[in-house]
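Residue numbers (the numbering used here): 58 to 299.
Structure first, then comments.
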Ligand code: NAP
């Protein structure tokens, strides 16, 4: 079995790559810039006896995505599972956001998932099976002040998940979404220790989530334990949003 995970050089994507490798998947580790970090994810998997290879591609670029999918399928076999994890965030008041900010967020977070789904689906449909998980955010469900564009892109992923689940369900393909809460990754490195502690206190399970917490939920949505689950958004947030 083969999985393609976008943005797998760091954070949630890197943890997801390791979880799938432990379960026997060959892992295509996508990255955009951070070649060294992607190589270290691949090395760690190979050292433990797994199979993995890294692929540089900007998910926002359809040609780079098509080439990545072609290479990964040639190297590792047909893609059975796609995890659309690559994502970026820009914070600030809406009136201060530029056209470039809008394009950056929409192209990476939304167009990226469209590009990858479009590239992997023909093979999944012809094989009548597969699973796709999109990584949204709790802000896509509740909205976040000073993260309006980010929240908008993450809501779009929930819409993509539901509509595509209906479209490809008859072909045996399940499409689901995770909506993480506050997870300890580079994306939150801008938050002060005080803010992180406040968020922890507000969370019923009294913790900041780990990348591994999200990775295991993604894996759940891709194996037979969730075989009758499709079109769903699973909150992975310690109860912060219920
Ligand atoms: P992160 O630590 O900042 O890592 C982001 C990953 O995305 C990196 O591997 C990065 O690659 C890759 N990436 C960014 N732009 C890309 C592009 N255009 N093409 C391909 N790869 C690209 O982020 P994270 O916290 O793990 O977040 C992962 C996902 O979870 C995102 O979609 C994020 O919105 C979502 N999420 C995170 C949290 C949280 O609290 N952390 C909460 C809710 C949802 P390089 O290393 O090459 O730059």
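For each residue, glycine too, the CB sits at the ideal point set by N, CA and C.
Just so we're clear, the structure is a prediction, and the values are computed from it rather than from any experiment.
message: I want to know whether the region 237–253 touches the region 204–212 - three or more CB-CB distances under 8 Å.
response: no
message: Tell me the residue span of the alpha helix (DSSP H) that contains residue 254.
response: 250–259
message: Tell me the rounded alpha-carbon separation between residue 134 and residue 277.
response: In a straight line, the C-alpha of residue 134 is about 22 Å away from that of residue 277.
query: Out of curiosity, what's the CA-to-CA distance linking residue 287 and residue 299?
result: 20 Å
Cα-Cα separation between residue 123 and residue 160, rounded to whole angstroms: A straight-line Cα-Cα distance of about 20 Å links residue 123 and residue 160.
query: With a cut-off of 8 Å, do at least 3 Cβ pairs link the region 103–120 to the region 145–152?
result: Proximity of the region 103–120 to the region 145–152 falls short of the contact definition, fewer than three beta-carbon pairs being nearer than 8 Å.
- prompt: Since residue 197 and residue 215 are thought to touch, with beta carbons under 8 Å apart, how far apart are those beta carbons, to the nearest angstrom?
  reply: 6 Å
- request: At 3 residues or longer, and completely inside the region 182–235: list those beta strand (DSSP E) runs for me, N to C.
  value: 187–192
task: Give the secondary structure of residue 298 by DSSP, where H, G and I count as helix, E and B as strand, and everything else as coil.
output: In the structure shown, residue 298 sits in coil (DSSP, three-state: anything other than H, G, I, E or B).
query: How far does the alpha helix (DSSP H) with residue 267 in it reach, from first residue to last?
result: Looking at the DSSP string, residue 267 is not in any alpha helix (DSSP H), and its letter there is neither H nor E.
message: Am I right that residue 240 and residue 266 are in contact with their C-beta atoms under 8 Å? What's the rounded C-beta distance?
response: Indeed they touch by this definition, with Cβ atoms about 4 Å apart.
- prompt: Cβ-heavy atom distance between residue 169 and the ligand NAP below 7 Å?
  reply: yes
message: I believe residue 293 touches residue 237 by the beta-carbon criterion, under 8 Å. Please report the beta-carbon distance rounded to the nearest angstrom.
response: 5 Å
query: What do you get for residue 263, buried or exposed, if any count of 16 or more other CB atoms within 10 angstroms of its CB means buried?
result: By the neighbour-count rule (16 or more Cβ atoms within 10 Å), residue 263 is not buried but exposed.
- prompt: Is residue 144 near the ligand NAP, judged by its Cβ being under 7 Å from some heavy atom?
  reply: yes
task: Would you check whether the ligand NAP has a heavy atom nearer than 7 Å to the C-beta of residue 287?
output: no
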